[in-house]
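Visitor: Residues 2 to 505 (my numbering) are what the sequence shown spells out, left to right. Here it is, the structure, as structure tokens.
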Amino acid sequence: MTDRQRPAPSGAILHGIGGIAGLFFLTLGLGFMALPDVLAAVFSIAPGFGSGVSGVRGDLGGLFLGMSFFCWLGMARGRSRWLAVPLVFLVLIIAGRLIGLALGETSPSLTRSLTIEAVLVVLLIAALVLAARKSRGREKNFKMTEFLNATTLVFALVVIAALAAIQLSQKKIGMVLVERIARKIMTADSMAGLPDGLHVALCGSGAPLNDPRRAQPCVAVIVGTRLYVIDTGPGSMRKFELMRLNPGQVRGVLLTHFHSDHIGDLGELLLKHWVGGSTQAPLEVFGPPGVEKVVQGFNLAYALDSGYRVLHHGPEVAPPSGAGGAARPFSFAPGQDHTVIIDEDGLTVTAFLVDHGPVKPAVGYRFDYKGRSVVISGDTSPTPSLRLQAKGADLLVQEALQPVLVQVLRDVAEKSNRPNMAKILSDIQNYHTSPEDAARMAQEAGVRHLLFYHVLPPLPVSMLKAAFLGDAKKIYHGPITLGEDGMLFSLPAGSEKIARKWLL
Ligand SMILES: [Zn+2]
Ligand SMILES: [Zn+2]
Numbered sequence: 002m003t004d005r006q007r008p009a010p011s012g013a014i015l016h017g018i019g020g021i022a023g024l025f026f027l028t029l030g031l032g033f034m035a036l037p038d039v040l041a042a043v044f045s046i047a048p049g050f051g052s053g054v055s056g057v058r059g060d061l062g063g064l065f066l067g068m069s070f071f072c073w074l075g076m077a078r079g080r081s082r083w084l085a086v087p088l089v090f091l092v093l094i095i096a097g098r099l100i101g102l103a104l105g106e107t108s109p110s111l112t113r114s115l116t117i118e119a120v121l122v123v124l125l126i127a128a129l130v131l132a133a134r135k136s137r138g139r140e141k142n143f144k145m146t147e148f149l150n151a152t153t154l155v156f157a158l159v160v161i162a163a164l165a166a167i168q169l170s171q172k173k174i175g176m177v178l179v180e181r182i183a184r185k186i187m188t189a190d191s192m193a194g195l196p197d198g199l200h201v202a203l204c205g206s207g208a209p210l211n212d213p214r215r216a217q218p219c220v221a222v223i224v225g226t227r228l229y230v231i232d233t234g235p236g237s238m239r240k241f242e243l244m245r246l247n248p249g250q251v252r253g254v255l256l257t258h259f260h261s262d263h264i265g266d267l268g269e270l271l272l273k274h275w276v277g278g279s280t281q282a283p284l285e286v287f288g289p290p291g292v293e294k295v296v297q298g299f300n301l302a303y304a305l306d307s308g309y310r311v312l313h314h315g316p317e318v319a320p321p322s323g324a325g326g327a328a329r330p331f332s333f334a335p336g337q338d339h340t341v342i343i344d345e346d347g348l349t350v351t352a353f354l355v356d357h358g359p360v361k362p363a364v365g366y367r368f369d370y371k372g373r374s375v376v377i378s379g380d381t382s383p384t385p386s387l388r389l390q391a392k393g394a395d396l397l398v399q400e401a402l403q404p405v406l407v408q409v410l411r412d413v414a415e416k417s418n419r420p421n422m423a424k425i426l427s428d429i430q431n432y433h434t435s436p437e438d439a440a441r442m443a444q445e446a447g448v449r450h451l452l453f454y455h456v457l458p459p460l461p462v463s464m465l466k467a468a469f470l471g472d473a474k475k476i477y478h479g480p481i482t483l484g485e486d487g488m489l490f491s492l493p494a495g496s497e498k499i500a501r502k503w504l505l
């Protein structure tokens, strides 16, 4: 082989890096083009808005195939400058992620994505620098023929052939995927591996007005190995299971009050607890007086279904004695605004009265376990009992309604000739808490972390976060989190740590 034929070291580097990066982008591009919903799930992208799955396919599939093409071009033509194209896109993508991070937006795959992108940026820069040093300006000026040649044709053929192969193999791919997905769902358990302590998972961070990001109120509290559910708003059981929490493991349900947005999925939880855990006794449902009526109603509504389940699955899977719920009403001694409802194995759960206008009684709950504490406000306007219970709490899970935004919705409803909606949007403002009032209370009570849930109005886009929080960050000096479904806060025993991760 002559010197002329032997590839220069810079050429080898260019081939190597261009090949690795190009193959990576090609895989992603083909994946997003052929299986957009699968790739969206892998990268925790919710294709629920606007153009949906086709948007993911077009935008991300097109972007990654384009980046792959320029890697390919740089590698095949020995022209390092083409690698600058995917490099610019990568830098812009990283910049976008960092802007999001600065605005407090996070996602389960953020760290992984940033790491991969940073590695690719370093590789591409290294290739460009080394190639530029070796070439010493020998690379010729760009000619249009670089695009219109065999390289482009080969790349296009590879893409078309790969897409065709994926389309033709959909049945086989589907069979592989279904087994993997099923294994992941059936073996995953978000409670496994959690350290001893208190853990709070949001299975519903929204309120009655539809929010595409949020089911209605539901908070799962994990205490050691025990699992409790506070409120079961509509849509929350779907989130609960998607978060890999097992209804069969639930030890008790605690209802704050009986507005429909807090009880809608109770029947689903009772049913799934029963058949999921083959329980011999009904699930205990704690609540202020009135809980008997709610539980009785759900038991009655699900009675026929329970009968079918026993007949169909047999009493081993569905023991007749375990169907439904058992109401555990609690009350308050005269002059008292709080009462301990659970006191076992180091866990104390205190129910306390809150002020939710005509909804009486309405309560919040405080969990204390091994020196860690979590308070869940329930629905309430600012009230001294909550401030008292929140004193020194590690985490306050606080309902919040931003009156400025709700007023805008009310005005729009009025102008849109929806008088009932306008009236409701006006009425609800006097029995909830504004983020600013919540911040004031949390600051006075010395709360260590303020987490908003029962978010009103709906916040379908993250740009609304600052408008929702208003001046809360000026008033409360600790960390504030705007809750979203799937968030898990861990408070390990024997530490002061409050860690956050995602279960969705
Ligand atoms: Zn309510
Ligand atoms: Zn509510």
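For each residue, glycine too, the CB sits at the ideal point set by N, CA and C.
Work out the CA separation of Ala394 and Ala386 for me, nearest whole Å.
Guide: Translated into the one-based positions of the sequence shown, residue 386 becomes position 385. Translated into the one-based positions of the sequence shown, residue 394 becomes position 393. Before going further, note that residue 386 is Ser rather than Ala in the sequence given. Straight-line Cα distance between these residues: approximately 14 angstroms.
Visitor: Along the chain, where does the alpha helix (DSSP H) containing Glu400 start, and where does it finish?
Guide: Start at 1 with the first residue of the sequence shown, and residue 400 comes out as number 399. Run containing Glu400: none in the alpha helix (DSSP H); it sits in the beta strand (DSSP E), Leu396 to Leu402.
Visitor: So, Met442 versus Leu203, is the Cβ gap smaller than 7 angstroms?
Guide: Position 441 of the sequence shown, counted from the first residue, corresponds to residue 442. Position 202 of the sequence shown, counted from the first residue, corresponds to residue 203. No; because the gap between Cβ atoms is not below 7 angstroms, this pair is not in contact.
Visitor: Within the continuous beta strand (DSSP E) that includes His455, where are the two ends?
Guide: Translated into the one-based positions of the sequence shown, residue 455 becomes position 454. Counting along the chain, the beta strand (DSSP E) containing His455 begins and ends at His450 to Leu457.
Visitor: To which residues does DSSP link Trp503 through a beta bridge?
Guide: Along the sequence shown, read from residue 1 onward, the residue named residue 503 stands at position 502. Partner(s): Met488.
Visitor: Drop a sphere of 10 angstroms on the beta-carbon of Ala35, count the other beta-carbons inside from all chains shown, and report buried for 16 or more, exposed for fewer.
Guide: Locating residue 35 in the sequence shown gives position 34, where the first residue counts as 1. Buried, because 16 or more other Cβ atoms sit within 10 Å of the Cβ of Ala35.
Visitor: Whole angstroms is fine: what's the gap from Glu180's alpha carbon to Ile186's?
Guide: Position 179 of the sequence shown, counting from 1, holds the residue named residue 180. Position 185 of the sequence shown, counting from 1, holds the residue named residue 186. One C-alpha to the other measures close to 10 angstroms.
Visitor: Under the rule that 16 or more other beta-carbon atoms within 10 Å means buried, what is Asn431, buried or exposed?
Guide: In the sequence shown, residue 431 corresponds to position 430, counting from 1. Looking at its Cβ environment, which holds fewer than 16 other Cβ atoms inside 10 Å, Asn431 is exposed.
Visitor: Over what stretch of residues does the beta strand (DSSP E) that includes Phe353 continue unbroken?
Guide: Position 352 of the sequence shown, counted from the start, is the residue given in the question as residue 353. Phe353 -> beta strand (DSSP E) spans Leu348 to His357.
Visitor: Got a sec: does ligand 3 put a non-hydrogen atom nearer than 6 angstroms to the Cβ of His450?
Guide: For ligand 3, the structure offers nothing, since it holds only ligand 1 and ligand 2.
Visitor: So which of Thr340, Ile18 and Ile231 has the shortest CA-CA distance to Leu88?
Guide: The residue you call residue 88 lines up with position 87 of the sequence shown. Nearest option by C-alpha distance: Ile18.
Visitor: Is the beta carbon of Asp438 within less than 6 angstroms of some heavy atom of ligand 1?
Guide: One-based indexing of the sequence shown puts residue 438 at position 437. It does not: the Cβ of Asp438 is nowhere closer than 6 angstroms to a heavy atom of ligand 1.
Visitor: I'd like to confirm something about Asp486: is its beta-carbon nearer than 6 angstroms to some heavy atom of ligand 2, or not?
Guide: One-based indexing of the sequence shown puts residue 486 at position 485. Outside the cutoff, so no.
Visitor: Just verifying my parser: in three-state terms, what is the DSSP assignment at Ile46?
Guide: Along the sequence shown, read from residue 1 onward, the residue named residue 46 stands at position 45. Correct three-state label for Ile46: coil.
Visitor: Kindly give me the distance between the Cβ atoms of Ala363 and Val448, rounded to whole angstroms, as I take these residues to be in contact under 8 angstroms.
Guide: Start at 1 with the first residue of the sequence shown, and residue 363 comes out as number 362. Start at 1 with the first residue of the sequence shown, and residue 448 comes out as number 447. 20 angstroms between Cβ atoms; not a contact.
Visitor: Out of Leu243, Leu457, Ser45 and Leu492, which has the shortest C-alpha to C-alpha gap to Gly484?
Guide: The sequence position of residue 484 within the sequence shown is 483, counting from 1. The residue with the shortest Cα to Cα distance from Gly484 is Leu457.
Visitor: Around ligand 2, which residues pass a check of Cβ closer than 6 angstroms to any of its heavy atoms?
Guide: Cβ atoms closer than 6 angstroms to ligand 2 belong to Ala208, Pro218, His260, Asp262, His263, Asp380 and His455.
Visitor: On the DSSP bridge assignment, give the partners of Glu1 in chain order.
Guide: No answer is possible for residue 1: the residues shown for the chain start at 2 and end at 505.
Visitor: Counting along the chain, where does the beta strand (DSSP E) carrying Lys361 start and finish?
Guide: In the sequence shown, counting from the first residue as 1, residue 361 sits at position 360. Taken as a continuous stretch (DSSP letters only), the beta strand (DSSP E) holding Lys361 covers Val360 to Tyr370.
Visitor: Would you kindly report the start and end of the unbroken alpha helix (DSSP H) that includes His200?
Guide: Here residue 200 is taken as the residue at index 199 of the sequence shown, counted from 1. Not the alpha helix (DSSP H): His200 falls in the beta strand (DSSP E), residues Gly198 to Gly205.
Visitor: According to DSSP, simplified to helix, strand and coil, what is Gly288?
Guide: The residue given as residue 288 occupies position 287 in the sequence shown. DSSP places Gly288 in strand when its eight states are reduced to three.
Visitor: Among the residues of its own chain, which have a CB less than 8 angstroms from the CB of Ile174, if the five just before and after it don't count?
Guide: Position 173 of the sequence shown, counting from 1, holds the residue named residue 174. Here the set comprises Leu36 and Ile167.
Visitor: For Leu267, which option in Phe44, Ala282 and Ser237 has the closest C-alpha, if you only look at C-alpha atoms?
Guide: The count along the sequence shown starts at 1 and reaches residue 267 at position 266. Nearest option by C-alpha distance: Ser237.
Visitor: Near Ser427, what residues of its chain come up, given a Cβ to Cβ distance below 8 angstroms and the 5 sequence neighbours on each side ignored?
Guide: Position 426 of the sequence shown holds residue 427. So the qualifying residues of the chain are Arg411.
Visitor: Could you tell me the distance, in whole angstroms, from the CA atom of Ala494 to the CA atom of Arg227?
Guide: Taking the first residue of the sequence shown as 1, we reach residue 494 at position 493. Taking the first residue of the sequence shown as 1, we reach residue 227 at position 226. Taking the straight line joining both Cα atoms gives about 14 angstroms.
Visitor: What is the DSSP secondary structure of Gly253, counted as helix, strand or coil?
Guide: Looking up residue 253 in the sequence shown gives position 252. In the structure shown, Gly253 sits in a strand (DSSP, three-state: E or B).
Visitor: Are His455 and Pro218 close, meaning C-beta to C-beta below 7 angstroms?
Guide: If you number the sequence shown from 1, residue 455 lands on position 454. If you number the sequence shown from 1, residue 218 lands on position 217. Yes; because the gap between Cβ atoms is below 7 angstroms, this pair is in contact.
Visitor: Could you say which of Leu24, Pro459 and Gln444 lies nearest to Met68 if we only look at CA atoms?
Guide: If you number the sequence shown from 1, residue 68 lands on position 67. It is Leu24 whose Cα lies nearest to the Cα of Met68.
Visitor: Since Gly308 is in the alpha helix (DSSP H), which residue starts that stretch and which ends it?
Guide: Residue 308 sits at position 307 when you count from the first residue of the sequence shown. Element bounds for Gly308: Ala304 to His314.
Visitor: Is the beta carbon of Gly30 less than 7 angstroms from the beta carbon of Gly59?
Guide: Here residue 30 refers to the residue found at position 29 of the sequence shown. Here residue 59 refers to the residue found at position 58 of the sequence shown. The answer is no: Cβ separation not under 7 angstroms.
Visitor: Taking the alpha-carbon of Met76 as reference, which of Ala439, Phe44, Ala468 and Val155 has the nearest alpha-carbon?
Guide: Mapped onto the sequence shown, residue 76 falls at position 75. When each option's Cα is compared against that of Met76, the closest is Val155.
Visitor: Which residue's Cα is closest to the Cα of Leu460: Glu269, Ser261, Pro209 and Gly325?
Guide: What you label residue 460 is simply residue 459 of the sequence shown in a count that begins at 1. Of the listed residues, the one whose Cα sits closest to Leu460 is Pro209.
Visitor: Between the stretch 337-353 and the stretch 301-318, do three or more beta carbon pairs fall short of 8 angstroms?
Guide: Flag = no, the stretch 337-353 and the stretch 301-318 do not touch.
Visitor: Based on the DSSP secondary-structure assignment, which residues constitute the bridge partners of Val230?
Guide: Here residue 230 refers to the residue found at position 229 of the sequence shown. Answer is Ala221 and Val254, bridged to Val230.
Visitor: If you count every other CB in all the chains shown that lies within 10 Å of the CB of Gln297, and 16 or more means buried, which is it?
Guide: Translated into positions along the sequence shown, residue 297 becomes position 296. Counting Cβ neighbours within 10 Å, Gln297 comes out exposed, since fewer than 16 surround it.
Visitor: Just checking: is the beta-carbon of Val318 within a distance shorter than 7 angstroms of some beta-carbon in chain B?
Guide: Included in the structure is just one protein chain, with no chain B present.
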